[in-house]
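S.K.: The structure that follows is given in the form of structure tokens.
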Amino acid sequence: MALEIERKFLVEGDGYISQAFRHYDIIQGYIAHENGRSVRIRITDSEAVLTIKGPSDEKGMTRYEWNHPIPLQEARELFELHQRGTIEKRRYLVHSGPHVFEIDEFHGENEGLVMAEVELGSETEAFDKPSFIGKEVTGDTRFYNAYLAVHPYKDWAEEK
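Here it is in structure tokens:
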């Protein structure tokens, strides 16, 4: 089984931009999302992926994830089936020791939210936090992309 183990953080400042070795734009939508399970279509400039995710464990750090590359045209057709809410973001990739942090700058309905994720080999694996890493939000379901698609960041009164 393919398990994804990751930790999520809010980002402080924009220092990640100058540290990034690559960036690209992402648009994604959810065909289904229920009880922590989701089916997602993600499209970038050069590829498309169909992803199925299972519910997170009690810490919100580990979950089943299955990714399957699909042709861009098929992804565009499937995207028409997505439920309300589209995630638009620019992703920056930043090296930190042996790890790569993915920093997502959200746009559209989630403008103003910037989060970083790091994938790990185990829940106890150590990693170096870059200077732009802020508060940890691992396990806070409000920061799951599937949640943000339906409850956009712009509507969060308590966060602003």
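Residues in the sequence shown are numbered consecutively from 779, following our numbering. The beta carbon of each residue, even a glycine, is placed where N, CA and C say it ideally should be.
#1: Which of the three DSSP states, helix, strand or coil, is assigned to lysine 938?
#2: Excluding the five sequence neighbours on either side, which residues of its own chain have a C-beta within less than 8 Å of the C-beta of valine 789, listed in chain order?
#3: So what's threonine 902 in DSSP terms, helix, strand or just coil?
#4: Check whether the Cβ atoms of isoleucine 821 and alanine 798 lie closer than 8 Å to each other.
#5: Grab me the residues of isoleucine 809's own chain with a C-beta within less than 8 Å of its C-beta, minus the 5 sequence neighbours each way, in chain order.
#6: Taking the beta carbon of alanine 924 as the centre, do at least 16 other beta carbons fall within 10 Å, making it buried, or is it exposed?
#7: Which residue's Cα is closest to the Cα of methionine 839: Gly807, Glu784 and Asp906?
#8: Only counting the same chain, and skipping five residues up and downstream in sequence, which positions put a Cβ closer than 6 Å to that of tryptophan 844?
M.R.: On the basis of the data shown:
#1: Unreliable placement is indicated for lysine 938, whose pLDDT of 48 sits below 50; the coordinate value is still reported in the next sentence. Residue state, collapsed to three classes: coil.
#2: Ile881, Val892, Met893, Ala894, Phe910, Ile911 and Gly912
#3: coil
#4: no
#5: Val817, Arg818, Ile819, Leu856, Leu859, His860 and Gln861
#6: buried
#7: Glu784
#8: Hits under 6 Å: Ala780 and Ile830.
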